[in-house]
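K.L.:
Sharing a structure here in structure tokens format.
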Amino acid sequence: MNTINRKAVWAGVTLMLITVFLIGCDEENLPIDETIQLKKAEHFTLSSTATYIDLKSLVNTTSAVQLSVLSEPAKGKLTTIGNGVLEYLPVKDFTNGQDFFRFAVYNQSNKLLAEDTVVITISEDPSVL
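Be aware that the sequence shown starts at 342, since it is given in the numbering used here, and climbs by one per residue.
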């Protein structure tokens, strides 16, 4: 094999190795950790007062996720404040008891990872809370 052919072969081998290396470093092909844990938290409010619920704080994961409310509460109103924070305000005639809503956690490909229920205890007596 002459010197020109050897150089061409080494150039081709080097180019293939660089290509394989670059494809292997593509971050989009890395596995995503979709292991999540949902934290339970108790939420309390007075019958005429709003409470704020941070859904992101209830989700323990290292991956980027999307949150969605699946069902609205029956005895109050949810308002999205932003960045995973919701405001819950009980309706005027609901003074004692519990209300709840469901939420879901999705990955960036819209695959459902988990669902959970948030329970809110409402009382007109602050000493109960």
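Cβ atoms here follow ideal geometry from the backbone N, Cα and C, with glycine treated the same way.
Looking at the strands, I want to know which residues DSSP matches up with I463.
P.N.:
Looking at the DSSP output, I463 sits in a beta bridge with T386 and G438.
K.L.:
Quick one: grab the DSSP three-state call for S489.
P.N.:
Here the chain covers residues 342 to 470 and nothing more, so residue 489 does not appear.
K.L.:
Using C-beta distances below 8 angstroms, list every residue in its chain close to L419, excluding the 5 sequence neighbours before and after it, in chain order.
P.N.:
V410, E413, L427, E428, Y429 and F442
K.L.:
Starting from K418, trace the beta strand (DSSP E) both ways and give me its first and last residue.
P.N.:
G417 to G423
K.L.:
Could you tell me which of S464, D457 and P467 sits nearest to L379, measuring between CA atoms?
P.N.:
Closest by alpha carbon: D457.
K.L.:
Output needed for L453: all residues of its chain with C-beta closer than 7 angstroms, excluding positions within five of it in sequence on either side, in chain order.
P.N.:
A445 and Y447
K.L.:
Beta carbon of I463, beta carbon of T376: below 8 angstroms?
P.N.:
no
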